[in-house]
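J.: A single structure is presented below for examination.
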Amino acid sequence: MKNVIKVVVLLSFLSCKAQVSSKAMPFENLITGTWVLENENNIKIEFNTNQIKKNIVNSQIIEEYDYSIENDVTDSGLKIYYLITQNTNDPNEEYHYEIDTLTDERLILVYQLPNGGVGERLIYIRL
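So the sequence shown is numbered by the working numbering: it starts at 3 and just counts up by one.
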C-alpha cells in the first residue's frame, strides 16, 4: 500500500512540474512550430527557431517574414506581448500583433493597425 501511495504522489508531482514548465516557457520557444488558422485548414503560419515566419496557403509558402517578440508594461504593471513581423523581401512591410493568447495548443493574435487602432483577431491551432 505504501508503494502505491509513493507512486501516486510521484506521478502527481511530475504532472504538476510538467504543467508549470510549459507555462513558464519563453514565448520565443512556445510560438515555434506550425499553426493552422481556425476554420481555414488551407491557411497556416510557421515560426522557426531562426526567427523566420512563413505564411503558407494551400501548402505553398507565399511570404516570409523576420519576426521578434517584444513586450510592454502598462501603468498598472500588466505585461503585454507583441509579435512584430517584417517582410524579408521588403523591409517597409511590417506588421504588429498583440499576442492575446499563446499556449501549447492555441495562438490568438490581434492585428494592430498602423494608426493605432485594433484590427482582425486571428485564432490559430497548433498542428
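Backbone N, C-alpha and C fix where the C-beta goes; we use that ideal spot for every residue, glycine too. Here the structure is a predicted model, which is why all the values come from computation and not from measurement.
1) Just reading off the alpha helix (DSSP H) that E30 is part of, what are its end residues?
2) Could you give the residue range of the beta strand (DSSP E) that holds G121?
3) Can you tell me whether I64 is buried or exposed? The criterion is at least 16 other CB atoms within 10 Å of its CB, across all chains shown.
4) For V59, which option in F29, I47, I33 and N94 has the closest C-alpha, if you only look at C-alpha atoms?
5) Are the beta-carbon atoms of L111 and L124 separated by less than 7 Å?
6) Once you ignore the five residues that flank L115 on each side, which residues in its own chain have a CB closer than 8 Å to its CB?
T.: Taking the structure as given:
1) The count along the sequence shown starts at 1 and reaches residue 30 at position 28. Segment F29 to L32, the alpha helix (DSSP H) holding E30.
2) Start at 1 with the first residue of the sequence shown, and residue 121 comes out as number 119. Residues V120 to R128.
3) Residue mapping note: residue 64 aligns to position 62 of the sequence shown, counting from 1. Exposed, by the Cβ-count rule.
4) Along the sequence shown, read from residue 1 onward, the residue named residue 59 stands at position 57. If we check each option's Cα against that of V59, I47 comes out closest.
5) For the purposes of this step, residue 111 is identified with residue 109 of the sequence shown, where counting begins at 1. For the purposes of this step, residue 124 is identified with residue 122 of the sequence shown, where counting begins at 1. The answer is yes: Cβ separation under 7 Å.
6) Indexing the sequence shown from 1 puts residue 115 at position 113. Answer for L115: G121, listed in chain order.
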